[in-house]
Amino acid sequence: MWNHGSETGTEGSPGESPGESPGESPGESPGDRPEERARPWAGAFWSSAVRRSLRSTVDLLLPPRCLSCGALVDRQGALCVTCWSGMTFVSDPQCARCGLPFDHDPAPGLGREMHCGACLREPPPYDRARAVLRYDDASRRLVLGFKHADRTEAAATFAAWMARAAPQLVADSAVIAPVPLHWRRLFGRRYNQSALLSQALAAQSGRPGLPDLLVRHRATPSQGRLSATQRRRNVAGVFAVRAGHAEVLRGRRLLLVDDVMTTGATVGACARAALAAGAQAVDVVVLARAVRD
Ligand SMILES: [Zn+2]
Ligand SMILES: [Zn+2]
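The following block contains the structure:
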């Protein structure tokens, strides 16, 4: 299921609605965490008992609320049934390169990697991009709540969703890093939501996370009304690998994390900066991506 924190799997969560594949959230299965692997079973038992009791204490103090609408739900980090059913999760078939979902499989049964027209015309600088959700009214509300309403507790849930949407990208990554915010924006918002996602994904997957790998040299004007070409110009040369981090990146595969991908101009510019600094390849995972109709 897609909900985070489901250890028993019997709580009647929205994650168990028909059509969703079952399974534990990444980072929650016993034995997955390095510290538990290193200990005998008793250690795992106590640490999960402590986690459970901490969670009930937190639940008493802060009753769990839907990450999108704020309705009461049965545990932290979940969506209510209504919000869950309003989300459109991206699934196969999709462009092997940019993750654009196809309405139908263009070559059913062939198992071939299919690319969309845009990627065939002009392959993006990243190897593969994957998204959890389609960016629409429902996911916009979720993303905006995360960005502006201090719903930072959602990061663990979203990271678990990302790991499920892009398991191969996570498995292949040597470094996980976010799309950076300019410090002035960071000051206004207090946290970079992409950095929270990136760090949660790194922690859950046991991969090295480098929240300050990339720097943004200037704050770019809002890209809301710009065309794809304008967006690309808008962010060209804006990002760079922070001095001192190029060595970590050299010859390694980077997994870049962002909250929303619209035309891919921003993640493309970040990928170019990472490749110029010596990264072997760049993949991208986002919470939501716009889908051209
Ligand atoms: Zn809700
Ligand atoms: Zn594509």
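Just so we're aligned: the sequence shown equals residues 712 to 1004 in the working numbering.
Backbone N, C-alpha and C define an ideal beta-carbon position, used for all residues, glycine too.
Bridge partners of Q805, per DSSP? Bridge partners of Q805: P812.
Along the chain, where does the alpha helix (DSSP H) containing D848 start, and where does it finish? D848 to H859 is the extent of the alpha helix (DSSP H) around D848.
Buried or exposed for V784, going by 16 or more other Cβ atoms inside 10 Å? By the 10 Å Cβ count, V784 comes out buried.
As an exercise, report each continuous beta strand (DSSP E) stretch of at least 3 residues that is fully enclosed by the stretch 924-954, in chain order. DSSP runs (the beta strand (DSSP E)) wholly in the stretch 924-954: 925-927 and 950-952.
Judging by CA-CA distance, which residue of V996, M972 and G962 is the nearest neighbour of A987? Looking at the Cα atoms, G962 is the closest of the given residues.
Taking contact to mean at least 3 C-beta pairs separated by less than 8 Å, is the stretch 912-931 in contact with the stretch 882-893? They touch, by the three-pair rule.
How far does the beta strand (DSSP E) with V993 in it reach, from first residue to last? Here the beta strand (DSSP E) through V993 covers A992 to R1000.
Just to confirm, is the Cβ distance from V968 to L892 under 8 Å? No, Cβ-Cβ distance for V968 and L892 is not below 8 Å.
DSSP three-state call for P737: helix, strand or coil? Here the model assigns P737 a pLDDT of 35, short of 50, so the residue's position is not dependable, and the following value carries that caveat. In the three-state DSSP reduction, P737 falls in the coil class, being neither helix nor strand.
So is the beta-carbon of H928 under 7 Å away from any non-hydrogen atom of ligand 2? Not under cutoff, so the answer is no.
Using the three-state DSSP reduction, which class does P889 fall into: helix, strand or coil? P889 falls in the strand class under three-state DSSP.
Nearest-angstrom Cα distance between L853 and P919? It is roughly 27 Å from the alpha-carbon of L853 to the alpha-carbon of P919.
With DSSP as the reference, identify every bridge partner of L965, one or two as the case may be. DSSP, once it has assigned bridges, lists V886 and V993 as partnering L965.
In three-state terms, what does DSSP make of A988? DSSP places A988 in coil when its eight states are reduced to three.
By the 10 Å Cβ neighbour count, where 16 or more other Cβ atoms means buried, how is R944 classified, buried or exposed? By the 10 Å Cβ count, R944 comes out exposed.
Integer-rounded CB distance, given that V801 should sit under 8 Å from V1005: The displayed coordinates of the chain run from 712 to 1004. Any statement about residue 1005 would go beyond what the structure contains.
Cβ contact check for the stretch 995-1002 and the stretch 963-983: 3 or more pairs under 8 Å: As far as the Cβ criterion goes, the stretch 995-1002 touches the stretch 963-983, which means the pair count is three or higher.
Looking only at C-alpha atoms, which of E958, T940, S938 and R936 sits nearest to L921? L921 has its Cα closest to that of E958, out of E958, T940, S938 and R936.
Cβ neighbours of D848 in the same chain (closer than 7 Å, five flanking residues each side left out): No residues qualify anywhere along the chain.
By Cβ distance, which residues of its chain are closer than 7 Å to R929, with the 5 residues on each side in sequence left out? Taken in chain order, the residues that qualify are H893 and V949.
Would you say the beta carbon of A829 comes nearer than 7 Å to a heavy atom of ligand 2? Under cutoff, so the answer is yes.
Examine ligand 2 and report whether any of its heavy atoms sits within less than 7 Å of the Cβ of H826. Under cutoff, so the answer is yes.
What residues does ligand 1 have around it, judged by CB closer than 6 Å to any heavy atom, in chain order? Close to ligand 1, as judged by a C-beta nearer than 6 Å to any of its heavy atoms, are the residues C777, S779, C780, A782, L790, C791, T793 and C794, in chain order.
So for R983, helix, strand or coil by DSSP? Assignment of R983 by DSSP, reduced to helix, strand and coil, places it in the helix class.
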